[in-house]
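> This note's numbering puts the first residue of the sequence shown at 418, with every later residue one more than the last.
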Amino acid sequence: MTFAGRMADLVEPWWDRELDPLTLGHRELMRMVATAVALRILRPGAVASRRVDTALTLAERLASLQEPGGLFSSDGNLQSPPDSAFTLNDVGITLTALERAADPALAPLEQQLRGIAQRAVPALVTGGVHTPNHRWEVGAALVRLRAFDERAIARAQQWLAEGVDADRDGLYSERSANYAAFVSNPSLHVLAEGLQRPDLLEIVHDNLHSQLALTDADGVVETVFSRRQDQGGQIPLEVFHTQLRRFALGGCATCTAGAARSEPRDGAVAAIALLEVLTEPQLDAPLPAPPMPSASERVRHFADVGLLVAERGPERWVVYGGSDVPHAGRVGSGLAGDPTFLRFRSGAAVVRSLRLSRVFFGLGPFRAEALQVADDGVARLHERVTAGYYQPMAEGRRRADGRYRLVSDGRFSASMAFDERARDDVELVTDVVVHGGSAGVELQVTTSGAATRWSLELALGDGVLAGVEQVSTDGYRMAGHAAELRSGDDAIVIETSVDPEPEVVGTYEPGEAYTFLGGTDALGGPRLYLTGTSPGTWTLTLRPA
Numbered sequence: 418m419t420f421a422g423r424m425a426d427l428v429e430p431w432w433d434r435e436l437d438p439l440t441l442g443h444r445e446l447m448r449m450v451a452t453a454v455a456l457r458i459l460r461p462g463a464v465a466s467r468r469v470d471t472a473l474t475l476a477e478r479l480a481s482l483q484e485p486g487g488l489f490s491s492d493g494n495l496q497s498p499p500d501s502a503f504t505l506n507d508v509g510i511t512l513t514a515l516e517r518a519a520d521p522a523l524a525p526l527e528q529q530l531r532g533i534a535q536r537a538v539p540a541l542v543t544g545g546v547h548t549p550n551h552r553w554e555v556g557a558a559l560v561r562l563r564a565f566d567e568r569a570i571a572r573a574q575q576w577l578a579e580g581v582d583a584d585r586d587g588l589y590s591e592r593s594a595n596y597a598a599f600v601s602n603p604s605l606h607v608l609a610e611g612l613q614r615p616d617l618l619e620i621v622h623d624n625l626h627s628q629l630a631l632t633d634a635d636g637v638v639e640t641v642f643s644r645r646q647d648q649g650g651q652i653p654l655e656v657f658h659t660q661l662r663r664f665a666l667g668g669c670a671t672c673t674a675g676a677a678r679s680e681p682r683d684g685a686v687a688a689i690a691l692l693e694v695l696t697e698p699q700l701d702a703p704l705p706a707p708p709m710p711s712a713s714e715r716v717r718h719f720a721d722v723g724l725l726v727a728e729r730g731p732e733r734w735v736v737y738g739g740s741d742v743p744h745a746g747r748v749g750s751g752l753a754g755d756p757t758f759l760r761f762r763s764g765a766a767v768v769r770s771l772r773l774s775r776v777f778f779g780l781g782p783f784r785a786e787a788l789q790v791a792d793d794g795v796a797r798l799h800e801r802v803t804a805g806y807y808q809p810m811a812e813g814r815r816r817a818d819g820r821y822r823l824v825s826d827g828r829f830s831a832s833m834a835f836d837e838r839a840r841d842d843v844e845l846v847t848d849v850v851v852h853g854g855s856a857g858v859e860l861q862v863t864t865s866g867a868a869t870r871w872s873l874e875l876a877l878g879d880g881v882l883a884g885v886e887q888v889s890t891d892g893y894r895m896a897g898h899a900a901e902l903r904s905g906d907d908a909i910v911i912e913t914s915v916d917p918e919p920e921v922v923g924t925y926e927p928g929e930a931y932t933f934l935g936g937t938d939a940l941g942g943p944r945l946y947l948t949g950t951s952p953g954t955w956t957l958t959l960r961p962a
């Protein structure tokens, strides 16, 4: 069976789900319309015809959601050019397919979609955006629907003139695998083809090679460094499949290997693939034979985002020191805030996350200010956090009414005019050195400054634990200086110089920025804790059994 046939097999049951059109947003409605057309063209027949009849009803519903100015609203984004662009890209794909098919039975649907585009494109030409990837999504929609407004191409070029926000590794400024897969990469491909900009394809190609280096043995792309909603989430490599397939068919061995392990298995992802095959029939060609996997150690330092990824056989470790929080002074939307600083796996045995909490003014867990990687591969993480006690106001700045400006000192706010007062700092400095090699990874953690307590959390994957004491439903502490996590035939030995504290239960503290609002970024699942005091130096080793 061809690639298109396999995707259609996945899409048909996905499309035939029982859905209430009144509960669907504009993007979902248009995706259903587009895939109904794709299935009709690729698999004509009575069932496909019934889907098209339903799609016409969905398109009418879609038209009813258009605002008077032609745009759509969703998720609180009212009359949104970028949100509308997601839908309008599917409109463009579908209109292109309908024009090629020239099927009279599809004419009413084509007329409905043309009306939607005619009303929307003028607003898209003049509308703005609010995230980096929106520029490319809007630009792609303008290129696809350029026949509806003579200003469309110039506007797309205006967005592109800002320059694409990709670093030396092809990673976009939002650092998001999700937005790379669903927005930036496909949009830049459309812009490259429509505007004769092959340099944009080079950016996409670089990004794909980075995504492959970021993908683990389970086919999950690393997201710890993301600045968007997927930070710490699970993004499967399959969402990049058609992009990888395109470059694989163009002769790239690296992308061939990636495409071979990423064919979609999810109906919603297959729907995207089916639409791409509809517009690019060459994507249906068989893939070349993938190259033999390399047995050598692979190390990739993503310097611009503070990430080190290393693999040696079944072992893989990730060291992260690229958080935005130390520099922004807060957690927030659009900032990389995940406090995980290391992951390690040996086959099926996985340490999902290491996070270091400490009792220090509610400032939250350790987040390194930077990652340094030496020529010998040794990684170093550093953080200095401070909190202050403020002195009395200087005589010349005192107010008789006692009313001072409301000021934030980064930790909390008060009517104390903090910036006008002398401050006594309390500091805590943390340095983590990570040695990786054939014996796993060894961490040396050194703290200086304030005398306080700390708690290291090891979030674990599935398996059986030995050498630990259970202290809660999912919480464990070390019974001695060594423990083991075993999953099937694979195991990780956890060794530490830290003496066990039988009376202490380790915890993860997200910091006052979360707890003030009753929130948390804590991880679920089994978690093992080490506890101790600062200042001092201690070690932790994670190695295959």
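Idealized CB from N, CA, C, for every residue including glycine.
#1: Apart from the five residues on each side of it in sequence, which residues of its chain come closer than 7 Å, Cβ to Cβ, to Arg645?
#2: Just grab the DSSP bridge partners of Glu800 for me.
#3: I need the DSSP call for Ala514, collapsed to helix, strand or coil.
#4: What is the DSSP secondary structure of Phe829, counted as helix, strand or coil?
#5: Enumerated in chain order, which unbroken segments of the alpha helix (DSSP H) with a length of 4 residues or greater are wholly contained in the segment 485–530?
#6: CA-CA distance, Gly675 and Glu920?
#7: Looking only at its own chain, which residues have a Cβ that is under 7 Å from the Cβ of Ser770, when we skip the five neighbours before and after it?
#8: Compute the Euclidean distance between the alpha carbons of Arg531 and Ile458, then round it to the nearest angstrom.
#9: With contact counted as at least three CB pairs below 8 Å, one residue from each stretch, are the segment 611–618 and the segment 645–657 in contact?
#10: When the Cα atoms are used, what is the spatial distance from Gly462 to Arg448?
#11: For Ile911, which residues does DSSP report across the bridge?
#12: Would you mind stating whether Ser740 and Arg784 have Cβ atoms separated by less than 7 Å?
#13: So, helix, strand or coil for Met895, using DSSP?
#14: Arg838 and Gln887 - do their beta-carbons sit closer together than 7 Å?
#15: Answer yes or no: does any C-beta atom of chain C fall closer than 7 Å to that of Ile458?
#16: Could you check the C-alpha separation between Pro755 and Leu692 for me, to the nearest Å?
#17: Can you tell me where the beta strand (DSSP E) with Ser872 in it begins and where it stops?
#18: Under 7 Å, do Val736 and Leu752 count as touching if we go by C-beta distance?
#19: Confirm, please, whether the CB-CB distance from Leu695 to Ala514 is below 7 Å.
#20: Have a look at Thr937, Gly805, Glu516 and Thr863 and flag the residue whose alpha-carbon is nearest the alpha-carbon of Ser914.
#21: Gly764 and Pro731: beta carbons closer than 7 Å?
#22: Is the Cβ-Cβ distance between Ser774 and Glu926 less than 7 Å?
#23: Tell me which residue opens and which closes the beta strand (DSSP E) that Val790 is part of.
#24: Look at the Cβ atom of Ala766, then the Cβ atom of Ser679, and state whether they are nearer than 7 Å.
#25: For Asp836, collect the residues of the same chain with a Cβ closer than 7 Å to its Cβ; drop the 5 residues on either side in sequence, then sort them by chain order.
#26: So who's on the other strand from Gln887, going by DSSP bridges?
#27: Report the CB separation of Gly923 from Arg894 in whole angstroms; it is logged as a contact under 8 Å.
#28: CB-CB under 7 Å to Ala900, same chain, minus the five flanking residues each way: which ones, in chain order?
#29: Measuring only the C-alpha atoms, how far is Ala804 from Gly928?
#30: DSSP on Thr440, reduced to helix/strand/coil?
#31: By alpha-carbon positions, which one of Val850, Ala962 and Ser643 ends up nearest to Leu902?
#32: Under the assumption that Asn506 contacts Ala558 (Cβ atoms under 8 Å), give the Cβ distance between them as a whole number of angstroms.
#33: Going by CA-CA distance only, name the one from Ala502, Ala571 and Thr954 that's closest to Leu860.
#34: Provide the residue span of the alpha helix (DSSP H) that contains Tyr931, from first to last.
#35: Please go through the same chain and pick out, in chain order, the residues whose beta-carbon is closer than 7 Å to the beta-carbon of Ala451, but skip the five residues on each side of it.
#36: I need the straight-line Cα distance from Asp616 to Ala834, nearest angstrom please.
So, to answer that:
#1: By the criterion of a C-beta distance shorter than 7 Å, Arg645 is surrounded in its chain by Glu591, Ser593, Asn595 and Tyr596, once the five residues flanking it on both sides are discounted.
#2: Paired residue(s): Thr847.
#3: Note: Ala514 maps to helix in three-state DSSP.
#4: Note: Phe829 maps to coil in three-state DSSP.
#5: Whole alpha helix (DSSP H) segments, 4+ residues: 498–518.
#6: About 49 Å.
#7: Answer for Ser770: Thr757, Arg760, Ala876 and Leu940, listed in chain order.
#8: Rounded to the nearest angstrom, the two C-alpha atoms are 19 Å apart.
#9: Contact between the segment 611–618 and the segment 645–657 is absent, with fewer than three C-beta pairs closer than 8 Å.
#10: Within the model, the alpha-carbon separation for Gly462 versus Arg448 is close to 20 Å.
#11: Beta-bridge pairing links Ile911 to Ala900 and Leu959.
#12: Yes. Within cutoff.
#13: Correct three-state label for Met895: strand.
#14: No, they are not a contact pair.
#15: No chain C is present in this structure, which holds just one protein chain.
#16: For clarity, residue 755 is Asp in the given sequence; the question names Pro instead. One C-alpha to the other measures close to 34 Å.
#17: Membership of Ser872 in the beta strand (DSSP E) is indicated by the continuous run Gly857 to Leu877.
#18: Contact flag unset, no.
#19: Taking 7 Å as the Cβ cut-off, Ala514 and Leu695 qualify as a contacting pair.
#20: The candidate whose alpha carbon is nearest that of Ser914 is Thr863.
#21: Cβ atoms of Gly764 and Pro731: closer than 7 Å.
#22: Yes, they are a contact pair.
#23: Unbroken beta strand (DSSP E) run through Val790: Ala787 to Val790.
#24: Taking 7 Å as the Cβ cut-off, Ala766 and Ser679 do not qualify as a contacting pair.
#25: Closer than 7 Å at Cβ, skipping near neighbours: Val824.
#26: Beta-bridge pairing links Gln887 to Tyr893.
#27: Right, the Cβ-Cβ distance comes to about 6 Å (below 8 Å), so this counts as a contact.
#28: Once the five neighbours on either side are set aside, the close Cβ partners of Ala900 are Leu882, Ala883, Gly884, Val885, Ile911 and Leu945.
#29: Cα-Cα distance, rounded: 13 Å.
#30: Here Thr440 sits in helix by DSSP.
#31: Minimum Cα distance to Leu902 is reached at Ala962.
#32: At roughly 5 Å, the Cβ-Cβ gap stays under 8 Å, so Asn506 and Ala558 are in contact.
#33: Taking the Cα of Leu860 as reference, the smallest distance to any Cα among Ala502, Ala571 and Thr954 is reached at Thr954.
#34: Glu929 to Thr932 is the extent of the alpha helix (DSSP H) around Tyr931.
#35: Scanning its chain for C-beta atoms nearer than 7 Å, with the 5 sequence neighbours on each side dropped, one finds around Ala451 the residues Asp507, Ile510, Thr511 and Leu692, in chain order.
#36: If I take the Cα positions, the gap works out to 51 Å.
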